[in-house]
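In the working numbering, the protein residues as written are 1 to 552. Every residue, glycine too, gets a C-beta built ideally from N, C-alpha and C. The block underneath contains the structure these notes are about, expressed in structure tokens.
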RNA sequence: UGGGGUGUAGCCAAGUGGUAAGGCAGCGGCCUUUGGAGCCGCCAUUCCCAGGUUCGAAUCCUGGCACCCCAGCCA
């Protein structure tokens with residue numbers, strides 16, 4: 001039996017023990033195609049498909065497309081792409097609630113027949129008034145006691161399109177005094193003269209989610225119908241429908257949805273970020289959407305690991321985004337080829353290195369994985385180093401370059417700073433004059449000297465230019481919320497750097513390729529890249545203990 | 001003061017009457033040609049609170065408290 005323990009697996013284990021479903025485990029992921037999937041959906045996807053995988057069961061994908069006014073084919077496409085990208089396969093079991101519209105309609109007829117459903121002429125406002133409140137019972141609709149014949153007739157005419165939107169509904173006849181508001185004669189069908197992305201204009205009445213969902217699970221013979229906490233109150237309703245219909249009953253299990261620090265997760269807010277132009281779109285690398293994370297450079301593996309690590313429970317929680325970042329670093333550390341890139345170039349001239357000489361130095365592609373081999377990087381008299389790797393007045397414990405100080409150039413030589421060239425006007429440092437120690441060539445026998453610091457570099461004559469987009473958290477408070485959640489949007493969540501210098505081998509990199517820029521972080525080639533113009537996204541920085549030291 | 005849920009470390013989360021796993025974060029140290037990675041160590045005498053049962057309680061019982069969800073013809 002699976003290693004990972006959580007309350008859902010306990011339930012399944014029990015059901016297997018008691019043979020409740022004949023040893024079957026059949027789950028499903030039921031998104032509404034009204035937006036893009038986000039990391040919270042990823043949790044659900046990993047949960048449902050993971051259960052199916054571990055218990056040798058099945059997991060369906062079913063679009064809950066019961067509201068034609070909000071749903072679009074574009075979302076149907078993106079959702080499938082995202083689930084596949086995450087690494088899951090639904091086989092031939094891709095379903096739509098709209099596939100069941102005819103069956104659902106027949107079920108409704110059956111309830112009318114039993115006297116358990118009725119056509120109600122109350123409008124939305126009136127239904128609300130009749131519903132009562134949290135502490136007071138509701139009142140029966142004046143149309144509640146229509147005859148079966150009258151209900152059949154009216155419901156038929158609703159379907160035929162004889163009535164305008166909102167004028168009538170089909171309601172379940174349950175209990176207007178129930179303390180559970182979901183049981184106060186809930187609406188099953190509403191009139192909506194809208195074109196559905198799949199059924200077109202075949203229907204002008206559409207089932208509500210509450211009416212469609214349980215029966216859809218039943219029709220698919222789902223064993224464990226996993227959903228989020230807010231549907232716990234609906235479970236008695238779903239069970240009531242199934243019981244009255246006398247059909248197969250899946251077990252609904254609710255779990256707590258994912259919240260993450262420094263981000264928002266509701267589709268409504270995500271949509272607002274997109275429409276308000278706060279981000280570039282659903283796949284903006286700062287978005288917590290699957291497509292955004294993908295573009296940012298996240299791997300499916302890291303997201304799956306994340307889902308495993310955070311677990312599943314019924315208590316509401318907010319997971320530190322650092323956990324997600326750790327999963328990513330852990331994955332990329334093992335797989336991403338290392339490469340040198342200078343984001344904010346500072347020119348360095350090695351005075352005692354012959355002009356025109358070029359050495360091809362051997363560099364390891366990934367110290368975590370020898371099988372990734374080595375490459376060669378050109379070294380010459382004029383180089384670029386990171387501006388941040390030089391300080392005129394170095395603070396304590398600063399192991400990098402400063403006047404008179406020595407540092408190792410990774411895979412190359414130890415150099416010493418012997419002069420600083422400044423801009424006449426601004427006084428800013430524009431060039432460093434250095435000397436190198438020929439005895440310190442990496443890998444050579446006479447290379448025995450040690451220095452504290454090692455920095456990355458790139459040969460000026462050989463470097464390729466690139467644009468680099470640095471991303472930071474989208475919000476500057478850990479839990480953006482309330483009415484003014486947009487006030488905490490981080491104004492510097494995107495910083496675009498042009499004129500970055502990267503090692504020549506990167507000139508041929510393709511979109512989505514991932515690298516570690518040594519000492520800086522993990523980067524991936526953005527889709528905006530084109531032959532001449534290479535664009536990198538910073539996926540995540542490396543852990544930076546120096547930054548911590550400097551802060552304190 | 002209706003109904004449904006949830007309370008274990010800064011954040012997640014195991015634990016199912018036998019004496020508080022693990023991860024992230026944090027803090028020390030070792031190692032290091034990435035201030036990366038890796039390695040070692042520290043980090044809850046106590047589980048929302050108060051009583052009770054028991055040789056023994058985070059687990060069982062009673063009573064409180066706090067927080068979340070529900071009054072869409074959204075899902």
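Euclidean distance between Cα positions of residue i and residue j
i: residue 269; j: residue 49; result: 27 Å
i: residue 531; j: residue 259; result: 39 Å
i: residue 2; j: residue 301; result: Reliability of the predicted coordinates at residue 2 is poor, the pLDDT of 39 falling under 50, and the value obtained from them is presented with this limitation in mind. So the alpha carbons of these two residues sit roughly 19 Å apart.
i: residue 216; j: residue 542; result: 46 Å
i: residue 40; j: residue 374; result: 39 Å
i: residue 143; j: residue 64; result: 30 Å
i: residue 168; j: residue 124; result: 9 Å
i: residue 466; j: residue 100; result: 52 Å
i: residue 529; j: residue 536; result: 8 Å
i: residue 226; j: residue 280; result: 33 Å
i: residue 232; j: residue 32; result: 19 Å
i: residue 336; j: residue 160; result: 60 Å
i: residue 412; j: residue 503; result: 14 Å
i: residue 135; j: residue 182; result: 14 Å
i: residue 424; j: residue 431; result: 12 Å
i: residue 214; j: residue 228; result: 14 Å
i: residue 547; j: residue 56; result: 47 Å
i: residue 520; j: residue 275; result: 33 Å
i: residue 271; j: residue 34; result: 10 Å
i: residue 351; j: residue 309; result: 53 Å
i: residue 77; j: residue 203; result: 23 Å
i: residue 36; j: residue 540; result: 22 Å
i: residue 16; j: residue 239; result: 21 Å
i: residue 284; j: residue 389; result: 31 Å
i: residue 470; j: residue 544; result: 16 Å
i: residue 230; j: residue 468; result: 42 Å
i: residue 429; j: residue 436; result: 20 Å
i: residue 554; j: residue 185; result: Any answer about residue 554 is impossible in this case: the structure gives the chain only from 1 up to 552.
i: residue 201; j: residue 165; result: 14 Å
Counterpart residues of residue i in DSSP-defined beta bridges
i: residue 525; result: 536
i: residue 480; result: Residue 480 is not bridged to any residue.
i: residue 119; result: 170
i: residue 485; result: DSSP lists no partner for residue 485.
i: residue 317; result: 258
i: residue 500; result: 466
i: residue 626; result: For residue 626 there is no data in the structure shown, the boundaries of the chain being 1 and 552.
i: residue 359; result: 379
i: residue 207; result: 189
i: residue 514; result: 524
i: residue 441; result: In DSSP, residue 441 forms no bridge with anything.
Within 9 Å, strictly: CB atoms of residue i and residue j
i: residue 493; j: residue 534; result: no
i: residue 313; j: residue 7; result: yes
i: residue 378; j: residue 392; result: no
i: residue 421; j: residue 342; result: no
i: residue 47; j: residue 255; result: yes
i: residue 86; j: residue 42; result: yes
i: residue 440; j: residue 400; result: no
i: residue 362; j: residue 461; result: no
i: residue 248; j: residue 218; result: yes
i: residue 58; j: residue 12; result: no
i: residue 512; j: residue 297; result: yes
i: residue 516; j: residue 349; result: no
i: residue 553; j: residue 406; result: Nothing in the structure corresponds to residue 553, since the chain is present only between 1 and 552.
i: residue 45; j: residue 278; result: no
i: residue 27; j: residue 223; result: yes
i: residue 291; j: residue 82; result: yes
Which runs of the beta strand (DSSP E) spanning at least 3 residues fall entirely within the segment 72-116, listed in chain order? 94-96
For the 8 Å Cβ check, are there 3 or more pairs between the segment 172-187 and the segment 138-153? yes
Does the segment 60-76 come close enough to the segment 189-197 that 3 or more CB-CB pairs lie under 8 Å? yes
I'd like to know if the segment 325-334 and the segment 478-498 are in contact, where contact means that at least 3 CB-CB pairs between them fall below 8 Å. no
Report yes or no: do three or more beta-carbon pairs, one from the segment 201-212 and one from the segment 17-28, lie closer than 8 Å? no
Contiguous alpha helix (DSSP H) assignments of at least 4 residues, all confined to the segment 3-33: 7-17
Pair every Cβ in the segment 143-154 with every Cβ in the segment 108-118, then say whether three or more of these pairs are closer than 8 Å. yes
Any alpha helix (DSSP H) of 4 or more consecutive residues that is wholly inside the segment 123-155: 124-131
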